[in-house]
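Numbering (full-length UniProt numbering), first residue to last: 1 to 118.
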């Protein structure tokens with residue numbers, strides 16, 4: 001993971017990208033926002049719902065998924081983007097092999113915010 005807070009630009013080399021416990025790959029992160037990649041995630045029924053302390057915005061590169069949040073269900077496909085506000089309980093069902101990029105604020109990968117739900 002790369003965190004830039006010194007006022008200098010930085011780069012994360014593809015070979016240095018760390019993998020998370022839920023299949024995410026952590027990309028660049030600053031003090032206020034972090035980016036991660038979900039690459040070729042296989043179809044699944046979804047993980048347990050979780051409410052996170054960070055806001056998430058995402059963009060679908062390929063594949064299809066369903067985002068379930070409280071009383072809403074969003075069908076996501078290539079070119080779609082979404083927002084999950086901080087504190088909203090949600091889960092994703094992967095319908096077709098799915099690649100997406102997400103940004104989280106504050107960064108999900110810092111301070112244990114991105115631990116798998118209990």
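In this text, a Cβ means the ideal position worked out from N, Cα and C, and glycines have one as well.
Check your understanding: Exposed or buried, what is residue 114 when buried is set at 16 or more other beta-carbons lying within 10 Å of its beta-carbon?
Key -> Counting of Cβ neighbours within 10 angstroms places residue 114 among the buried residues, the total reaching 16 or more.
Check your understanding: Does the beta-carbon distance from residue 105 to residue 32 come in below 9 Å?
Key -> A contact, by the Cβ cut-off of 9 Å.
Point to revise | C-beta contact flag for residue 73 and residue 102 at 9 Å | key: Not a contact, by the Cβ cut-off of 9 Å.
Exercise for review: Could you name the residues that DSSP lists as bridge partners for residue 34?
Suggested key: For residue 34, which the question treats as bridged, DSSP gives the partners 29, 104.
Check your understanding: What are the residues that DSSP puts in a beta bridge with residue 92?
Key -> Its beta-bridge partners are 67.
**Study point:** Three-state class that DSSP yields for residue 86 in the structure shown
**Key:** When DSSP states are grouped into helix, strand and coil, residue 86 belongs to the coil group.
Exercise for review: Compute the distance between the beta-carbons of residue 95 and residue 65, then report whether it is under 9 Å.
Suggested key: Yes; because the gap between Cβ atoms is below 9 Å, this pair is in contact.
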